[in-house]
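S.K.: Quick note: the sequence shown uses my numbering, first residue 1, plus one each step.
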Amino acid sequence: MKKFSLIVGLSAIVALSACDAEETIVSEEGAPESEPGTEADAEAGDDEVEPEEVVTAEGTEVVTIGYSGPLSGAAAFYGNNTVSGLTMAVNEINEAGGFEVDGQQYSFNLVALDDKYLPNETGANARRLIQEHDVPIVFIPHSGGIFATQVFNEQDDFIVGAYSSEPDITAQDNALTWRIPNTYDIYVEPYSEYQMERFGPKLAMLPPSTQYGYDWADELAPAWEELGGEVVYDGSIDFAKETDFFTTITNALSDDPDVLFVGGSSEPTAQVMQQARELGFEGGFFIMDQAKLDEIERVLGDNAADVIEGSVGVPPLVVDQTEGNQQFIEDYIEHYDSIPGSEAGYHYYVVYILAEAMKAAGSVDDAAAIQANLGEGVNTVPADKEIYPITEVTAEGGMNTEFRMAVVEDGEIILVEP
1 MKKFSLIVGL
11 SAIVALSACD
21 AEETIVSEEG
31 APESEPGTEA
41 DAEAGDDEVE
51 PEEVVTAEGT
61 EVVTIGYSGP
71 LSGAAAFYGN
81 NTVSGLTMAV
91 NEINEAGGFE
101 VDGQQYSFNL
111 VALDDKYLPN
121 ETGANARRLI
131 QEHDVPIVFI
141 PHSGGIFATQ
151 VFNEQDDFIV
161 GAYSSEPDIT
171 AQDNALTWRI
181 PNTYDIYVEP
191 YSEYQMERFG
201 PKLAMLPPST
211 QYGYDWADEL
221 APAWEELGGE
231 VVYDGSIDFA
241 KETDFFTTIT
251 NALSDDPDVL
261 FVGGSSEPTA
271 QVMQQARELG
281 FEGGFFIMDQ
291 AKLDEIERVL
301 GDNAADVIEG
311 SVGVPPLVVD
321 QTEGNQQFIE
331 DYIEHYDSIP
341 GSEAGYHYYV
351 VYILAEAMKA
361 AGSVDDAAAI
371 QANLGEGVNT
381 VPADKEIYPI
391 TEVTAEGGMN
401 TEFRMAVVED
411 GEIILVEP
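1) With H, G and I counted as helix, E and B as strand and the rest as coil, what does DSSP make of Q413?
2) Is N109 helix, strand or coil by DSSP?
3) Would I237 and P208 qualify as a contact pair, given that the criterion is a beta-carbon distance under 8 Å?
4) In terms of residues, what are the limits of the beta strand (DSSP E) holding F420?
5) Starting from K241, trace the beta strand (DSSP E) in both directions and tell me its first and last residue.
6) F99 to Y388, Cα distance in whole Å?
7) For the putative contact between L424 and V138, defined by C-beta atoms under 8 Å, what is the C-beta separation to the nearest angstrom?
8) Give the single residue among T56, V101, P119 whose Cα lies nearest to the Cα of P70.
9) Under three-state DSSP, which class holds K116?
10) Can you find at least 3 beta carbon pairs, one from the stretch 319-328 and one from the stretch 352-359, that sit closer than 8 Å?
11) Looking only at its own chain, which residues have a Cβ that is under 7 Å from the Cβ of D115, when we skip the five neighbours before and after it?
12) Can you tell me the Cα-Cα spacing of K241 and D294, whole angstroms?
13) Kindly indicate the opening and closing residues of the beta strand (DSSP E) around N400.
14) Given that a residue counts as buried once 16 or more other Cβ atoms are within 10 Å of its Cβ, and exposed if not, what is E166?
15) Work out the CA separation of N373 and T82 for me, nearest whole Å.
16) Identify, in the order they occur along the chain, each residue of the same chain with its Cβ nearer than 6 Å to the Cβ of E309, setting aside the five sequence neighbours on each side.
17) Look up I130 in the DSSP assignment and give the residues it is bridged to.
18) Run through DSSP, which three-state label would L206 get?
19) Report the residue from A270, H347, F261, T60 whose alpha carbon sits nearest the alpha carbon of N243.
20) Provide the residue span of the beta strand (DSSP E) that contains D234, from first to last.
21) With DSSP as the reference, label P36 as helix, strand or coil.
22) State the Cα-Cα distance for the pair G301 and I370, rounded to the nearest angstrom.
23) Report yes if the C-beta distance between Y349 and K385 is below 8 Å; otherwise report no.
24) Going by CA-CA distance only, name the one from I287, S164, P315, D337 that's closest to V307.
25) Measuring only the C-alpha atoms, how far is V393 from G375?
26) Rank S72, D102, I65, A96 by C-alpha distance to the C-alpha of L86 and give the top, closest one.
27) Throw me the rounded Cβ distance for the Q211 and F245 pair, which I believe falls under 8 Å.
28) What span of residues does the beta strand (DSSP E) with V62 cover, start to end?
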């Protein structure tokens, strides 16, 4: 395998802030101002803020696209990163005059709702986006919310923009689902082989207590054992309820594992890894794909190198630079004073794909036609907007990219290519 290394100087994260807001209207002319409501109404997302203005191009019709994800709580960092990519792309397209579909010029509006990472909130938000904004697509960055919305999105005629690597998302026979990243099962064998060869065969599992975490663990455990390894601890962590992981990690380390399987959002994952080191763990970390090495590094600060040494995970975008994403990385840093991660990169990219798919479909509101033209959208995105090397959009709606993995050796995040 080929290895490429890059020592990255990382600045502090400055993300779109919506810590107390239930709804974010990222537009010049969004939904009506919020009015006081019941407690149930507030929990469904009635408070509105405008963290960043989107200027609609003059003389255009406006197409509103929707988002439901965690903009407050433990996963707010993750959710805000996804929204930042959407917002940046929407702004760029609008500032360039919009895009033409069937002889009419259009610009985008974005309405983002906070679901606190709760699937029932996601479903309520998606229905609200349809009823109040008539969106053709709702982007959702967590599998629980995606599954909850797939129950009714075909009936309500909108696309689920599914930012999750859960393989079952595109196994639901749902004709209006667009899975954005690769499925996580492509990582299991190469990650396992690397960690087993470097550290040994004993694995302790500490995924998050979410359906996504459990599914990841169910995929990993038999694969690890088939390669000759042993699962010595099978647990989980509820990041919504736990802030000190001492007891759980102590139990996980009781059988002296060589490798810890960890993951979830980057911030709590970093805390788990740091506590494991403080408790004497000297092995490697197998990091599920939601957590990102560069974000973990920023969270940990000065002692990051010692903590993340021996980790394997998905490559940070800034380590995996190409001709297609260099300009985005530079522009993102200039605009947000922050290093972009894959959440921002993918969500930036998909807005451009969506615009091209709408052009090819000849419609901004025919969800089935737009879905059918996603592949054409990928093929016609400008070269300097090709953030990732997409190889195909499958018949089931899954986008696949070339395989990449990153490891940490001697304090450096190293890109490994097959």
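Note that the Cβ used here is the ideal one computed from N, Cα and C, for glycine as well.
M.R.: On the basis of the supplied data:
1) Along the sequence shown, read from residue 1 onward, the residue named residue 413 stands at position 413. A small correction: the amino acid at residue 413 is Ile; Gln does not occupy that position in the sequence shown. Reduced to three states, the DSSP call for I413 is strand.
2) Residue mapping note: residue 109 aligns to position 109 of the sequence shown, counting from 1. Looking at N109 - three-state DSSP - the assignment turns out to be strand.
3) By 1-based counting over the sequence shown, the position of residue 237 is 237. By 1-based counting over the sequence shown, the position of residue 208 is 208. Against a cut-off of 8 Å, the Cβ pair of P208 and I237 comes out as a contact.
4) This structure leaves residue 420 out entirely; the chain is present only between 1 and 418.
5) Along the sequence shown, read from residue 1 onward, the residue named residue 241 stands at position 241. No beta strand (DSSP E) contains K241, which DSSP labels as neither H nor E.
6) Within the sequence shown, numbered from 1, the residue matching residue 99 stands at position 99. Within the sequence shown, numbered from 1, the residue matching residue 388 stands at position 388. Cα-Cα distance, rounded: 22 Å.
7) In the structure as shown, the chain begins at 1 and stops at 418. Residue 424 is therefore absent and cannot be evaluated.
8) Counting from 1 along the sequence shown, the entry for residue 70 is found at position 70. Checked all of T56, V101, P119; the closest Cα to P70 is P119.
9) If you number the sequence shown from 1, residue 116 lands on position 116. Looking at K116 - three-state DSSP - the assignment turns out to be coil, as it is neither helix nor strand.
10) no
11) Reading the sequence shown from its first residue, position 115 is the one you call residue 115. So the list reads S68, G69, P70, E121, T122, N125, G145, once near-sequence residues are dropped.
12) Taking the first residue of the sequence shown as 1, we reach residue 241 at position 241. Taking the first residue of the sequence shown as 1, we reach residue 294 at position 294. Near 25 Å, if we compare the C-alpha coordinates of D294 and K241.
13) On the sequence shown, residue 400 is found 400 positions in, with the first residue counted as 1. Looking at the DSSP string, the run of the beta strand (DSSP E) that includes N400 is 399-401.
14) Here residue 166 corresponds to residue number 166 of the sequence shown, with the count starting at 1. Its Cβ being crowded by 16 or more others within 10 Å, E166 is buried.
15) On the sequence shown, position 82 is the one that residue 82 refers to. On the sequence shown, position 373 is the one that residue 373 refers to. Cα to Cα, T82 sits roughly 23 Å from N373.
16) If you number the sequence shown from 1, residue 309 lands on position 309. Taken in chain order, the residues that qualify are V408.
17) Indexing the sequence shown from 1 puts residue 130 at position 130. According to DSSP, I130 bridges with nothing at all.
18) Indexing the sequence shown from 1 puts residue 206 at position 206. Strand, per DSSP.
19) Taking the first residue of the sequence shown as position 1, residue 243 is located at position 243. The sequence shown places Thr at residue 243, not Asn. Among A270, H347, F261, T60, the Cα nearest to that of T243 is on A270.
20) Residue 234 sits at position 234 when you count from the first residue of the sequence shown. Per DSSP, D234 belongs to the beta strand (DSSP E) from 230-234.
21) By 1-based counting over the sequence shown, the position of residue 36 is 36. Reliability of the predicted coordinates at P36 is poor, the pLDDT of 25 falling under 50, and the value obtained from them is presented with this limitation in mind. Three-state result, P36: coil.
22) For the purposes of this step, residue 301 is identified with residue 301 of the sequence shown, where counting begins at 1. For the purposes of this step, residue 370 is identified with residue 370 of the sequence shown, where counting begins at 1. If you take the alpha carbons of G301 and I370, they lie about 43 Å apart.
23) The residue you call residue 349 lines up with position 349 of the sequence shown. The residue you call residue 385 lines up with position 385 of the sequence shown. Against a cut-off of 8 Å, the Cβ pair of K385 and Y349 comes out as a contact.
24) As a position in the sequence shown, residue 307 is number 307, starting the count at 1. The option with the nearest alpha carbon to V307 is I287.
25) Against the sequence shown, residue 393 aligns to sequence position 393. Against the sequence shown, residue 375 aligns to sequence position 375. One C-alpha to the other measures close to 5 Å.
26) As a working mapping, residue 86 is identified with position 86 in the sequence shown. Of S72, D102, I65, A96, the residue nearest in Cα terms is I65.
27) The count along the sequence shown starts at 1 and reaches residue 211 at position 211. The count along the sequence shown starts at 1 and reaches residue 245 at position 245. Not confirmed; about 20 Å, so no contact.
28) Here residue 62 corresponds to residue number 62 of the sequence shown, with the count starting at 1. First-last of the beta strand (DSSP E) with V62: 61-69.
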